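> Below you will find the structure I want to go over with you.
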Amino acid sequence: MLREKPAPELLGLARAALLSTFVLALVNAGFIATLAWSRPAVGVERWAQHQALDLGQQLAMGLVAWVLVRATCRLPRGRIRPGWLLFVGLALVLGWALLAPDVTNFSNRMGTPTTAPLLRGGIVLAAAAVLAGTAAVGQCLVKTRWRGAGVAGAIAGMILNHLVLPHDYPGVHFFLGWMAATLFATVMARFRMPLGRCHGQSQYLGAAVVALAAWSLLATPPNGVVLCMLAVPGSVTPPFWARLRSEGAARYGVVPRDQKPWFRDRHRLAAIASSTPRVLPGDAVVVLLSIDAVRADLVDRREHDDQLPHLARLRDTSVYFNIARAPGSGTVYTLAAVFSGVYFSQQYWTPHPKQSQLWPHADPGVRFPELLSAAGVPTVTYAGAFWLVNDFGIVRGFSEQAVIKGRSKYAPAAKLADAIIERIKGHGAGPLFLYSHFLDPHAPYNRGGKTGSAVERWRKEVSIVDRQIGRIRAAIAGSDLASRTMLIVTADHGEAFGEHGTKLHGRTLYEEQVRVPLMFHAPGLSPATVDTPVSLIDLGPTVLDLMGQSTPGLFMGESLVPLLRGEGVRLTRPLVGEQRLKRAIVFRDGVKAIVDERHQTTEVYDLRADPGELHNLVGASKLDPGHVDLVRRFFEAHRLRRGGYVVPYRK
Numbered sequence: 023m024l025r026e027k028p029a030p031e032l033l034g035l036a037r038a039a040l041l042s043t044f045v046l047a048l049v050n051a052g053f054i055a056t057l058a059w060s061r062p063a064v065g066v067e068r069w070a071q072h073q074a075l076d077l078g079q080q081l082a083m084g085l086v087a088w089v090l091v092r093a094t095c096r097l098p099r100g101r102i103r104p105g106w107l108l109f110v111g112l113a114l115v116l117g118w119a120l121l122a123p124d125v126t127n128f129s130n131r132m133g134t135p136t137t138a139p140l141l142r143g144g145i146v147l148a149a150a151a152v153l154a155g156t157a158a159v160g161q162c163l164v165k166t167r168w169r170g171a172g173v174a175g176a177i178a179g180m181i182l183n184h185l186v187l188p189h190d191y192p193g194v195h196f197f198l199g200w201m202a203a204t205l206f207a208t209v210m211a212r213f214r215m216p217l218g219r220c221h222g223q224s225q226y227l228g229a230a231v232v233a234l235a236a237w238s239l240l241a242t243p244p245n246g247v248v249l250c251m252l253a254v255p256g257s258v259t260p261p262f263w264a265r266l267r268s269e270g271a272a273r274y275g276v277v278p279r280d281q282k283p284w285f286r287d288r289h290r291l292a293a294i295a296s297s298t299p300r301v302l303p304g305d306a307v308v309v310l311l312s313i314d315a316v317r318a319d320l321v322d323r324r325e326h327d328d329q330l331p332h333l334a335r336l337r338d339t340s341v342y343f344n345i346a347r348a349p350g351s352g353t354v355y356t357l358a359a360v361f362s363g364v365y366f367s368q369q370y371w372t373p374h375p376k377q378s379q380l381w382p383h384a385d386p387g388v389r390f391p392e393l394l395s396a397a398g399v400p401t402v403t404y405a406g407a408f409w410l411v412n413d414f415g416i417v418r419g420f421s422e423q424a425v426i427k428g429r430s431k432y433a434p435a436a437k438l439a440d441a442i443i444e445r446i447k448g449h450g451a452g453p454l455f456l457y458s459h460f461l462d463p464h465a466p467y468n469r470g471g472k473t474g475s476a477v478e479r480w481r482k483e484v485s486i487v488d489r490q491i492g493r494i495r496a497a498i499a500g501s502d503l504a505s506r507t508m509l510i511v512t513a514d515h516g517e518a519f520g521e522h523g524t525k526l527h528g529r530t531l532y533e534e535q536v537r538v539p540l541m542f543h544a545p546g547l548s549p550a551t552v553d554t555p556v557s558l559i560d561l562g563p564t565v566l567d568l569m570g571q572s573t574p575g576l577f578m579g580e581s582l583v584p585l586l587r588g589e590g591v592r593l594t595r596p597l598v599g600e601q602r603l604k605r606a607i608v609f610r611d612g613v614k615a616i617v618d619e620r621h622q623t624t625e626v627y628d629l630r631a632d633p634g635e636l637h638n639l640v641g642a643s644k645l646d647p648g649h650v651d652l653v654r655r656f657f658e659a660h661r662l663r664r665g666g667y668v669v670p671y672r673k
């Protein structure tokens, strides 16, 4: 039978569900205010729009909950209440749609192609169970004297939602916010709502709530407001609404004449011959070392030379490029681009048979060590991580490789240096290319000790690698290879420590995450500081050129060898970055444009006037609107075109 009157406790739950999302919006409002206070460039107008949109979207969630609860009042009730079935079913659907993408990276790392989907499904089921359990706990608390504790716990959960996983986990934050709101609503279900006694006034209030919710869902907020909304992780709905935005009609920029070849498909271009005269002899030894998470300013500013003496000495005795950028802000993105000569979206990324995470192991493109090996040059790599070997495609073509293992996830710098030094001492006549990547500087920054701030601990970890760089330099200097060896030292990306509200790396393309040191040291090479902006995408063509080999025409970088010789050449390729569907180009006029294809947002900064990237010029009258369009045109010209393949979002 159908119930003629809704159950009073369900009516109370419907009202409490709406109230809980209002309380969630109030908690969000505090964090939004904090964002506005910490970033004065946000402006009062954007801050007010942000507050109104967030409030409206949270209330929209509350209205949906209110409608669903009211609907269950009219359903037949037996031993199994239909409301619970609807609640759990909705949790499973939303969990698979919103939460599963967030845990894909974790499940792929932990599982195989067979077990990873099962692990993802298990996490979604567990989340739905916890959500149902939260509602059950709330119903139990409502019958006890601990109702206040339930309310306090719900509000604490809403606050905690802003403090955990602060970047790029919108599905997790949606579920955490939903759990907190569910606990609040169930605890408050039997609380008498005073608005119920003022029927006429509550009608006006209800109309206002509906109007605000509808406006927040239907409005197209300005680009700057969306960027602010995405910066507050606990505002659970903005990341999903942002993906539905549209930037409108494109306004086409003009490609500089000498850059036009870089905005076209390059697969049919002829190889580029090595330059003359050669910097190194025919039996040259090139040692390329990259360090994880080292910002350019750590080396540039000279403030920490006492802590990093070997890097400081290398900087002062090398050709040092003081404006070098990585082609990504994560190790995988950067190194895949460096070795393949093309960017992430130009490569084919699929789950690996041994590990379900996405790798370019099946990408058909050539890696520059393959070309060296084919030319008879011994190529050697010592990997500090299991995936830095030929099989995973980030690097490929090394004739000798070894994974160096340690007690933790990544091999310690000392063990890598031991292997490198032994190989250098054992090399005789003929050329050699050797590569290794040091992973010691990495969160949680505890390899150099657990005391001090995050920045201090990070510097200690860089100093660990610094000592090993000194050992390797000494080994080269004391060997028979000294007169024909070039040492190249760089980093795969920078590291953020609160700039732009972010920490660590891999999440943005701001300068603190992409500017890196880059230095070349060899006998006969005159020390110099080069102000020409360069990219690590240039390393492949440079190493090939140093070894007297030609560079494939499709490579997106240019050789830096003419600059090493002191020639005043002009490099024409754009300075490009790509990370998690964010794309950026730094143009010759100092303008940097960033396009987030996932959230449909754009940013433009004048790096000459605003090196901290604090004032987004999108919408400013003085801005040339073509910068953003040129970013899109570049990536559209070069994206991998393969039947059914879509450039993936990879964390």
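Anchor point for the sequence shown: position 200 equals 222 in the numbering used here, and the numbering is continuous, going up by one each time.
From the three backbone atoms N, C-alpha and C, an ideal C-beta is built for every residue, glycine too.
No experiment lies behind these values; they were computed from the predicted model shown.
#1: Which residue from 321, 341 and 118 puts its Cα closest to that of residue 546?
#2: According to DSSP, what are the bridge partners of residue 604?
#3: Going by beta carbon distance, what residues of the same chain come within less than 6 Å of residue 419, once the five residues before and after it are set aside?
#4: Please report the distance separating the alpha-carbon of residue 202 from that of residue 167.
#5: Figure out for me which residue from 194, 112 and 190 has the closest Cα to the Cα of residue 91.
#6: Does the segment 167-179 come close enough to the segment 120-128 that 3 or more CB-CB pairs lie under 8 Å?
#7: Find the nearest neighbour of residue 507 within the set 451, 482 and 485, judged by alpha-carbon distance.
#8: Output needed for residue 302: all residues of its chain with C-beta closer than 7 Å, excluding positions within five of it in sequence on either side, in chain order.
#9: Cα separation between residue 143 and residue 200?
#10: Can the beta-carbon of residue 293 be found closer than 7 Å to that of residue 574?
#11: Quick one: which unbroken alpha helix (DSSP H) runs of 4-plus residues sit fully inside the segment 290-357? Chain order, please.
#12: Might you give, ordered along the chain, the residues of its own chain that have their beta carbon closer than 6 Å to the beta carbon of residue 209, omitting 5 neighbours on each side?
#13: With a threshold of 7 Å on Cβ separation, who are the neighbours of residue 8 within its own chain once the five nearest residues in sequence on each side are excluded?
#14: Taking the DSSP output, what are the residues bridged to residue 543?
#15: Report yes if the CB atom of residue 321 is closer than 7 Å to the CB atom of residue 539, and no otherwise.
#16: Run through DSSP, which three-state label would residue 538 get?
#17: Which of helix, strand or coil does DSSP assign to residue 190?
#18: By alpha-carbon positions, which one of 415, 328 and 205 ends up nearest to residue 376?
#19: Figure out for me which residue from 65, 666 and 516 has the closest Cα to the Cα of residue 347.
#20: Can you give the Cα-Cα distance for residue 238 and residue 473, rounded to whole angstroms?
#21: Identify the residues that DSSP records as bridge partners of residue 455: which are they?
#22: If you draw a straight line from the C-alpha of residue 625 to the C-alpha of residue 280, how long is it?
#23: Is the CB-CB distance between residue 513 and residue 316 below 7 Å?
#24: Would you call residue 371 buried or exposed, if buried means 16 or more other Cβ atoms sit within 10 Å of its Cβ?
#25: Once the 5 residues before and after residue 194 are set aside, which same chain residues still bring their CB inside 6 Å of it?
#26: When you compare only the Cα positions, how much space is there between residue 217 and residue 233?
#27: Using the Cβ count rule (16 or more neighbours within 10 Å means buried), how would you classify residue 664?
#28: With distances taken between CB atoms, is the gap from residue 36 to residue 378 smaller than 7 Å?
#29: Below 8 Å, can you find three or more Cβ-Cβ pairs linking the segment 433-451 to the segment 495-504?
#30: For a test of the three-state rule: what should DSSP assign to residue 627, helix, strand or coil?
#31: Answer with buried or exposed for residue 529, where buried requires no fewer than 16 other C-beta atoms within 10 angstroms of its C-beta.
Looking at the coordinates:
#1: Of 321, 341 and 118, the residue nearest in Cα terms is 341.
#2: For residue 604, which the question treats as bridged, DSSP gives the partners 601 and 618.
#3: For residue 419, where only same-chain residues beyond five positions count, the Cβ hits under 6 Å are 389, 391, 392 and 395.
#4: Roughly 19 Å between the two C-alpha positions.
#5: Residue 112 is the option with its Cα nearest to residue 91.
#6: Result no; under three Cβ-Cβ pairs closer than 8 Å.
#7: Closest by alpha carbon: 451.
#8: These residues qualify, in order along the chain: 506, 508, 544 and 568.
#9: Going from the Cα of residue 143 to the Cα of residue 200 covers about 19 Å.
#10: A contact, by the Cβ cut-off of 7 Å.
#11: Qualifying alpha helix (DSSP H) stretches, in chain order: 318-322 and 331-338.
#12: The residues are 160, 163, 164, 169, 172 and 173.
#13: Residue 8 lies beyond the residue range present for the chain, which begins at 23 and ends at 673; the question has no answer from this structure.
#14: Note: residue 543 is bridge-paired with 509 in the DSSP secondary-structure output.
#15: Yes, the Cβ-Cβ distance between residue 321 and residue 539 is below 7 Å.
#16: In the three-state reduction of the DSSP assignment, residue 538 falls in the strand class.
#17: Coil at residue 190, not helix or strand.
#18: Ranked by Cα distance from residue 376, the options 415, 328 and 205 are led by 415.
#19: Nearest to residue 347 by C-alpha distance, out of 65, 666 and 516, is 516.
#20: So the alpha carbons of these two residues sit roughly 46 Å apart.
#21: Answer by DSSP bridge pairing, in chain order: 308 and 401.
#22: Using only the alpha carbons, I get a separation of about 25 Å.
#23: Yes; because the gap between Cβ atoms is below 7 Å, this pair is in contact.
#24: Buried, because 16 or more other Cβ atoms sit within 10 Å of the Cβ of residue 371.
#25: So the list reads 124 and 187, once near-sequence residues are dropped.
#26: Residue placement at residue 217 cannot be trusted, given a pLDDT of 49 that sits under 50; the coordinates are not used to answer.
#27: Its Cβ having fewer than 16 others within 10 Å, residue 664 is exposed.
#28: Going by C-beta atoms, residue 36 is not nearer than 7 Å to residue 378.
#29: Output reads yes: the segment 495-504 touches the segment 433-451.
#30: Of the three classes helix, strand and coil, the one that applies to residue 627 here is strand, per DSSP.
#31: Buried is the call here.
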